[in-house]
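So the structure is just underneath, and the comments pick up after that.
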Amino acid sequence: MREEKLKEHKLGVKKQQSMFSKVLQESEAAVHASYVLSELIAKHSKPFTDGDFIKECLMKAGEIVCPGNVKAFQSISSSRNTVAERVTDLAENLSDQIKAKSSSFESFSIACDESTDISGKAQLAVFLRSCDKNFNIFEELLELIPMPGTTTGEDIFTCVFGLLQKYNLPLAKLNSVATDGAPSMTGKNKGFVALLRKKLSEIHGSNIHHMHCIIHQEVLCTKVINMENVLSYIKKVINFIRSRGLNQRQFTAFLSELDSEYSGLSYYTEVRWLSCSKILKQFWDLKEEICQFLKTKNQDVSLFYDPIWIQDLSFLVDITKHLTDLNLSLQGKDHIITNMFDIIKAFKCQLVLWEKQLKNEDLTHFPTCSMNKSSLDDTCSYQKYAEKIANLTTEFETRFNDFSSLEDKFFLFSSIFSISIDSVPSHMQMEVIEIQCNSNLKAKFIEVGVPEFYKYLPARFENTRKFAYEIISMFGSTYRCEQLFSVMKVMVSFGLSDYGRQSLEKVICLRKGMPSRKSS
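One point on numbering: in this note's numbering, the residue at position 88 of the sequence shown is 90, and numbering is uninterrupted.
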């Protein structure tokens, strides 16, 4: 009798333990799901209040798909406050990951850019790019820092240096900084870079490379094209059509009646005129329809019948397309700086070719110009635009000095098997000779290319590996910063400013700073 009761008691205890274990597992799963939902809300820039709506959707779906498990969905916490707390936890976890990883960095760089948001407040974005001993790239947002007062070089230095210390980053391994060309960043004595160099020299006796954002320099180069006579009129026409609702509707209907492939015109913006490439192409393709529509509105259309102006427009359509393609090829994350410089060098060679061809009336790479010339029975000459290309070439040659000063290092990194030993730094010469004579390493270089090759370089090539760490970890642009500012503007424009200052930072962190560990 006692044995039976003892068995019943043990069985009851086991059932109770099983029940508690099940409840615990369900609770852990619900918390995990809450974090996953909160992460998705943040990454897609949705209001925190959407958590309750998502939960409602899950429960409705659960009633249909798995009626017996609806309670599991009901236990997921998704209130506005909970989502905010989860987002904060996730963002802080990312910060902790960076702090934990900092000791493994063999070399790292930072990219800094400052911008004013739509509320008029200055924001400083700081990104980190590092390389560990296995040549894995770690590229993340360190922080988005509000600058409530002034934004002098000293202000920026104070913020950034404090950030480097906050994350326990090994200052001796900071090898470069990428910024735009603002005086507060580049000032000779009181600019941010100058102050950072001075501080690092005092602490470690080390120096850093300063890279003026390669994309920003390219944009500055394009300003020598200077064809305001075309752009100003196009802007006037587009604004006439787009800024008046009736005109826009009538123009859309007009295009529909003509069976046009376009349904309207895009807005023109002067913020970055490279972005007008698409608009110029639209305008060119619709120039006859636009002219007809403007006539119905009693607008001046004389320029549409001016062959010189039309010729200028055709050239501008083609050259902006080339420049926009260049700009896009330089954008993106995880770009190796040597590849970015190669893209610029290739474009400079293309400019030389285009100048030569235009002088000979060869429009092979200018399709819009060729189309216009054909329509005029070859009566117009495009030789005069060779001067525009020459000016552009000169501008490209005079800029990018910070990149050109590292060209020998870039060549060594990319062409270690073909470089002359005389061009190799003395402390690396013995290692490079051994590498060049190693048939296995040469075969691996041919197989995987750069930068993957350096992952297979034995540890005994210490100087060469250190050199590769530095090149791989360098930022060539502040693209990540500018991309982040664009995301912020979109978020605020969609009414998400009610996040609050700290919550907005956390959401940005999750959107742009999720782990992006990419092997080089």
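For every residue, glycine included, the Cβ atom is placed at its ideal position computed from N, Cα and C.
For residue i, which residues in the same chain have their Cβ closer than 7 Å to its Cβ, ignoring the five residues on either side in sequence?
i: F50; result: I43, R82, V85 and A86
i: F306; result: K289 and C293
i: Q438; result: F419
i: V354; result: T395
i: Q431; result: I423
i: K297; result: V303
i: H337; result: G478
i: K390; result: I227
i: S36; result: I78, S79, S80, T84 and R88
Quick one: Cα of residue i to Cα of residue j, how far?
i: I523; j: A102; result: Absent from the model: residue 523. The displayed extent of the chain is 3 to 522, so no value can be given.
i: G478; j: I100; result: 21 Å
i: P148; j: Y169; result: 18 Å
i: K280; j: K323; result: 8 Å
i: L197; j: P150; result: 21 Å
i: Y471; j: S417; result: 16 Å
i: S377; j: L315; result: 14 Å
i: S109; j: K175; result: 5 Å
i: D91; j: K45; result: 14 Å
i: V426; j: T154; result: 40 Å
i: S415; j: K335; result: It should be pointed out that residue 415 corresponds to Phe in this sequence rather than to Ser. Straight-line Cα distance between these residues: approximately 20 Å.
i: Y456; j: S331; result: 24 Å
i: S186; j: N136; result: 36 Å
i: T366; j: L171; result: 52 Å
i: A32; j: D52; result: 17 Å
i: E230; j: I56; result: 51 Å
i: R467; j: D327; result: 34 Å
i: S208; j: Q333; result: 30 Å
i: I205; j: S105; result: 18 Å
i: A127; j: K225; result: 26 Å
i: F447; j: P453; result: 9 Å
i: C215; j: E449; result: 32 Å
i: A124; j: E58; result: 39 Å
i: K411; j: M342; result: 14 Å
i: N138; j: E484; result: 24 Å
i: R88; j: N177; result: 35 Å
i: H34; j: E141; result: 26 Å
i: E94; j: L146; result: 13 Å
Following the continuous alpha helix (DSSP H) through residue i, name the residue where it begins and the one where it ends.
i: D525; result: Because the chain spans 3 through 522 in this model, residue 525 falls outside it and cannot be assessed.
i: V303; result: Per DSSP, V303 belongs to no alpha helix (DSSP H) and is neither H nor E.
i: F413; result: E409 to S416
i: E537; result: A question about residue 537 goes unanswered here, because the residues of the chain that appear run from 3 up to 522.
i: R467; result: E464 to I474
i: H206; result: F194 to H206
i: H367; result: Where H367 is concerned, there is no enclosing alpha helix (DSSP H), given that its DSSP letter is neither H nor E.
i: M342; result: I339 to K361
i: A388; result: Y387 to T400
i: L443; result: S441 to V450
i: P309; result: P309 to L332
i: I281; result: S279 to D287
i: D404; result: N403 to S406
Between residue i and the rest of its own chain, which residues show a CB-CB distance below 6 Å, the 5 nearest in sequence each way excluded?
i: H212; result: V179 and V195
i: D261; result: With a pLDDT of 46 at D261, under the threshold of 50, the modelled position of this residue cannot be trusted; read the value that follows with caution. So the list is empty, once near-sequence residues are dropped.
i: L443; result: I437
i: F317; result: C371 and Y387
i: V273; result: Confidence in V273 is poor, its pLDDT being 42 and thus under 50, which makes the residue's placement too unreliable to answer from.
i: K350; result: F398
i: I339; result: M476 and G478
i: S77; result: A32
i: A445; result: none
i: F75; result: L60, M61 and G64
Can you find the residues in the same chain that come closer than 8 Å, C-beta to C-beta, to residue i, ignoring five residues on each side of it along the sequence?
i: C65; result: Just to set this straight, residue 65 is Glu in the shown sequence, not Cys. Excluding residues within five positions, the ones whose Cβ falls inside 8 Å are V72.
i: H218; result: D182, G183, S479 and T480
i: K190; result: A196
i: K491; result: D119 and I120
i: D379; result: none
i: D404; result: H211, H212, M213 and H214
i: F159; result: F194, L197, L198 and K201
Name the two residues that bound the continuous beta strand (DSSP E) containing residue i.
i: L176; result: L176 to T181
i: Q125; result: A124 to D134
i: F140; result: N138 to M149
i: M187; result: Here M187 belongs to no beta strand (DSSP E); instead the alpha helix (DSSP H) covers P185 to T188.
Three-pair Cβ contact test at 8 Å for the segment 100-117 versus the segment 130-137: Verdict: yes, contact present.
Alpha helix (DSSP H) segments (min. 4 residues) lying fully within the segment 47-119: 52-67, 72-76 and 82-103
Cβ contact (3+ pairs, closer than 8 Å) linking the segment 156-169 and the segment 450-462: Cβ pair count under 8 Å is below three, so no.
Stretch-stretch touch, CB-based, cutoff 8 Å, three pairs: the segment 343-362 with the segment 232-242: no
Segments of 3+ residues assigned as beta strand (DSSP E) that fall wholly inside the segment 203-245: 211-214
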